[in-house]
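I have placed the structure first, in the form of structure tokens, so that the comments after it can refer back to it.
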Amino acid sequence: MRFMRKQACKPQLPGMTATELTALLTQWGEPRFRAKQILDWRNKGILKPGLMSNLPIHLRNYLEKFVDCCPLRLVRRETSRDGTRKYVFSLHSPRMSGKMIESVMIPENNRVTVCLSSQVGCVLDCPFCHTGTQGFTGNLNKGEIIAQVLGIMQDLNEDPLPPDLHQNVTHIVYMGMGEPLANESGVHGSLALLLDPEGLNISRRRITVSTSGLIPQIERLGAHYPVNLAISLHAADDKLRDVLVPINRKYPLADLRRCLDRFPLGHQRHITLEYVLLDQVNDRECDLEALSRFVRPHRERVNLIQFNPYPGSPYSGTPKERMNEFAQRLISKGIRATVRRSRGQDIMAACGQLKADVANKMGHRVSGEEN
Ligand code: SAH
Ligand code: SF4
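With the working numbering applied, the sequence shown has no gaps in its numbers, which climb one by one up to 570 at the end.
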């Protein structure tokens with residue numbers, strides 16, 4: 200059979216659409232309704248064919264043999280005192296074999312947010328970000344991105360959260376390792392599956408893509424997948440942003456401004472401007488003034504992020520009190536500003552500390568928000 204010759208690049212179950220799976224099953228001579236049965240399992244985070252109890256044994260065997268049902272292997276899970284769980288997954292496709300990524304699950308009483316990685320490392324080299332200092336070693340495909348969500352669902356099935364917390368994944372943020380918009384094929388493919396009613400069926404209001412500001416890619420995202428947008432602004436002055444977010448040299452603030460003004464926003468939605476507060480670097484009076492001039496208060500809100508240091512990091516964070524003061528000053532200018540509360544700090548699960556190699560000490564960016 201033709202599908203037997205292509206073992207090296209088996210189709211990945213987590214990334215398959217209903218159409219793709221139906222086509223494969225038809226090739227195997229199976230009835231179409233089996234696709235729905237398999238996807239119902241998959242969409243609940245059940246990826247092992249052996250557990251798909253309504254499938255005939257021969258079909259479970261076919262899936263085992265000819266489909267890559269779990270492209271990620273859970274290597275380690277750590278749970279923070281605040282309930283945040285950090286997952287280290289290894290990749291095993293021939294393309295990515297042996298590489299590691301991290302994902303984070305942040306539980307709250309009314310929601311569960313999953314923070315996804317889109318690349319191994321990042322090429323963009325923002326000097327305050329640990330991922331950026333490690334170089335880039337590969338893009339995740341849509342199956343590897345969705346498999347993070349499914350792997351976390353599976354973990355929640357096996358080890359449920361305490362009853363006072365929400366039990367199911369409700370929100371997705373692309374704020375893990377990598378620059379999502381530098382991996383459009385993987386990220387667009389994964390967004391399509393998250394939004395697909397036959398896929399994970401998550402509302403676009405509950406999905407957020409964070410980017411350092413790749414303008415053509417933001418425009419394409421808005422045109423095809425108008426999910427929530429978060430921009431890593433970090434400075435509202437070109438000279439400073441050229442240093443903190445080096446992609447600014449290619450896409451300067453005036454261009455970013457025009458791009459954000461055109462980004463499609465639904466009723467009551469807004470763009471988030473992320474701003475890591477670095478002591479005496481971007482938290483001065485002049486920085487506050489520049490930021491206030493940049494923000495469009497009716498369309499945008501500012502999310503102030505506490506800097507998470509990592510070994511050898513060249514910056515230190517603005518003290519908590521001054522962060523609150525900075526937020527208050529923005530609010531007094533009519534700008535909606537929140538301070539992001541770091542979650543999972545005791546397990547190194549905080550923004551910008553991510554490392555790709557499990558042999559090294561790993562951390563991750565993850566956060567909730569508070570006013
Ligand atoms: N590459 C994308 C998405 C991942 S980063 C981006 O840059 O937007 C998610 C957020 O964490 C970004 O706003 C990023 O700037 C921020 N971040 C990176 N390093 C950090 C650090 N050391 N402390 C706090 N936030 C950090
Ligand atoms: Fe890459 Fe984002 Fe880190 Fe910049 S902040 S280096 S874009 S992951």
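Ideal Cβ placement from N, Cα and C applies to all residues, glycine included.
{"query": "Just to confirm, is the Cβ distance from Gly-354 to Leu-250 under 9 angstroms?", "result": "Looking at the sequence itself, residue 354 is Asp, so the reference to Gly does not match. Contact flag unset, no."}
{"query": "Between Pro-326, Asn-400 and Leu-472, which lies nearest to Ser-515 when the distance is taken from Cα to Cα?", "result": "Pro-326"}
{"query": "So what does Arg-500 bridge to, in DSSP terms?", "result": "Thr-471 and Arg-535"}
{"query": "Return the chain-ordered list of same chain residues with a C-beta closer than 7 angstroms to the C-beta of Asp-281, the five sequence neighbours on each side being excluded.", "result": "Arg-542 and Gly-543"}
{"query": "Taking the straight line between their C-alpha atoms, what separation do you get for Ala-489 and Leu-262?", "result": "56 angstroms"}
{"query": "Go ahead and label Arg-201 buried or exposed: buried means 16 or more other beta carbons lie within 10 angstroms of its beta carbon, across all protein chains shown.", "result": "For Arg-201, the predicted structure reports a pLDDT of 46, less than 50, and the residue's modelled location is therefore unreliable. A value from the coordinates is still provided. Classification of Arg-201: exposed, given that the 10 Å Cβ count is below 16."}
{"query": "For Gln-479, does the three-state DSSP call read helix, strand or coil?", "result": "coil"}
{"query": "Among the residues of its own chain, which have a CB less than 7 angstroms from the CB of Gly-331, if the five just before and after it don't count?", "result": "Cys-321, Leu-323, Asp-324 and Cys-325"}
{"query": "CA-CA distance, Pro-510 and His-329?", "result": "9 angstroms"}
{"query": "Could you please give me the residues that DSSP links to His-370 through a beta bridge?", "result": "Thr-312"}
{"query": "Grouping DSSP H, G and I as helix and E and B as strand, with all else coil, what is His-563?", "result": "In this predicted model, His-563 has a pLDDT of only 32, less than 50, meaning its place in the structure is not dependable enough to derive any value."}
{"query": "Which class does Ser-181 belong to by DSSP, given the choice of helix, strand or coil?", "result": "Residue 181 is absent from the model: the chain starts at 200 and stops at 570."}
{"query": "Note down the Cα distance separating Glu-473 from Thr-218, rounded to an integer number of angstroms.", "result": "38 angstroms"}
{"query": "Counting only the same chain and skipping the five closest in sequence on each side, list residues whose C-beta sits under 6 angstroms from that of Gln-211.", "result": "Asp-267, Pro-270 and Gly-342"}
{"query": "Should Ser-317 be labelled buried (16 or more other beta-carbon atoms within 10 Å of its own) or exposed?", "result": "buried"}
{"query": "For the alpha helix (DSSP H) containing Phe-232, name the first residue and the last one.", "result": "232-242"}
{"query": "Measure the alpha-carbon distance for Gly-562 versus Glu-229 and round it to whole angstroms.", "result": "Any reading at Gly-562 must be qualified, since the residue scores a pLDDT of 33, below 50, and its modelled position is unreliable; the value itself is stated next. If you take the alpha carbons of Gly-562 and Glu-229, they lie about 45 angstroms apart."}
{"query": "Can you give me the start and stop residues for the alpha helix (DSSP H) that Tyr-261 sits inside?", "result": "256-265"}
{"query": "Determine the DSSP secondary structure at Gly-214, reduced to helix, strand or coil.", "result": "helix"}
{"query": "For the pair the region 530-541 and the region 494-502, tell me if three or more CB-CB distances fall below 8 angstroms.", "result": "yes"}
{"query": "Chain B beta carbons: is any one of them nearer than 9 angstroms to that of Gly-228?", "result": "Protein chain content of the structure displayed is limited to a single chain, and chain B is not contained in it."}
{"query": "Is Ile-401 helix, strand or coil when you go by DSSP?", "result": "coil"}
{"query": "Taking the alpha-carbon positions, what's the Ser-578 to Leu-254 distance?", "result": "There is no way to answer for residue 578, as the model of the chain reaches only from 200 to 570."}
{"query": "From the DSSP output, read off the bridge partner residues of Gly-337.", "result": "Val-319"}
{"query": "With three or more C-beta pairs closer than 8 angstroms as the rule, is the region 407-418 touching the region 366-380?", "result": "yes"}
{"query": "Around the C-beta of Asn-308, are 16 or more other C-beta atoms found within 10 angstroms, so that it is buried, or is it exposed?", "result": "exposed"}
{"query": "First and last residue of the alpha helix (DSSP H) that includes Pro-415?", "result": "414-423"}
{"query": "Around the Cβ of Asn-559, are there at least 16 other Cβ atoms within 10 angstroms (buried) or fewer (exposed)?", "result": "Residue placement at Asn-559 cannot be trusted, given a pLDDT of 34 that sits under 50; the coordinates are not used to answer."}
{"query": "What's the call for Asn-570, buried or exposed, on a 16-neighbour Cβ count within 10 Å?", "result": "Annotation note: pLDDT 26 at Asn-570 (below 50); position unreliable, no value reported."}
{"query": "For Thr-283, does the three-state DSSP call read helix, strand or coil?", "result": "coil"}
{"query": "Phe-525 by DSSP, collapsed to three states: which one?", "result": "helix"}
{"query": "Taking the alpha-carbon positions, what's the Leu-224 to Glu-277 distance?", "result": "38 angstroms"}
{"query": "What do you get for Cys-208, buried or exposed, if any count of 16 or more other CB atoms within 10 angstroms of its CB means buried?", "result": "exposed"}
{"query": "Which word fits Pro-248, buried or exposed, when buried means at least 16 other C-beta atoms lie within 10 angstroms of its C-beta?", "result": "buried"}
{"query": "Rounded to a whole number of angstroms, what is the C-alpha to C-alpha distance between Pro-359 and Ile-414?", "result": "40 angstroms"}
{"query": "Please state if the CB of Ile-245 and the CB of Ser-302 are separated by a distance shorter than 9 angstroms.", "result": "no"}
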